[in-house]
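Numbering (the numbering used here), first residue to last: -14 to 161.
Idealized CB from N, CA, C, for every residue including glycine.
For reference, the structure is listed below as structure tokens.
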């Protein structure tokens, strides 16, 4: 008799999410000189917020900063202070000289979570061009995703199934 382990795991994650003392919380950080300058709309931030909401997260903050190591590290430090949840950045993970989100993220994370970053890179062939990192600050998980609307959502969705479990572990829940 065949068993659909993926469906069982999804049901387990949904049940676990519903049983949590606190709902899943998320914050979105858009890193874009163009959005700050008013020459571009924050479409990737909007797409990411919608994907997070659809996955059962309450998006409690959205913020936009200019590209740069200091702007990203300062924003992440502020957003993670006392926060228990997921922080997803969009933008600044590529190869241009202003793409410094990974460097800003590394300046503030306490521990990297390379498995999450690797899984996000496998979301599509262009993912191999992402320099994004994933890591932990206190009780928050930080994910760097690309600045494209499709890319940021695909990267989040590539790891969405394991994030409730990871957040529960960070919150001190004993799951096994």
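With respect to the 8 Å criterion, residue 18 and residue 49 are not classified as neighbours on the basis of their beta carbons. In the three-state reduction of the DSSP assignment, residue 44 falls in the strand class, which pools E and B. Under the DSSP assignment, residue 111 falls outside any beta strand (DSSP E); it carries neither an H nor an E label.
With 16 or more other Cβ atoms from the protein chains shown falling within 10 Å of its own Cβ, residue 33 counts as buried.
Around residue 133, the same chain offers 29 as residues with beta carbons nearer than 8 Å, after the five sequence neighbours per side are excluded.
For residue 118, no beta strand (DSSP E) run applies, since DSSP gives it neither H nor E. Taking the Cα positions, residue 51 is about 28 Å away from residue 41. For residue 100, the three-state secondary structure derived from DSSP is helix.
Under DSSP, residue 74 shares a beta bridge with 14 and 129.
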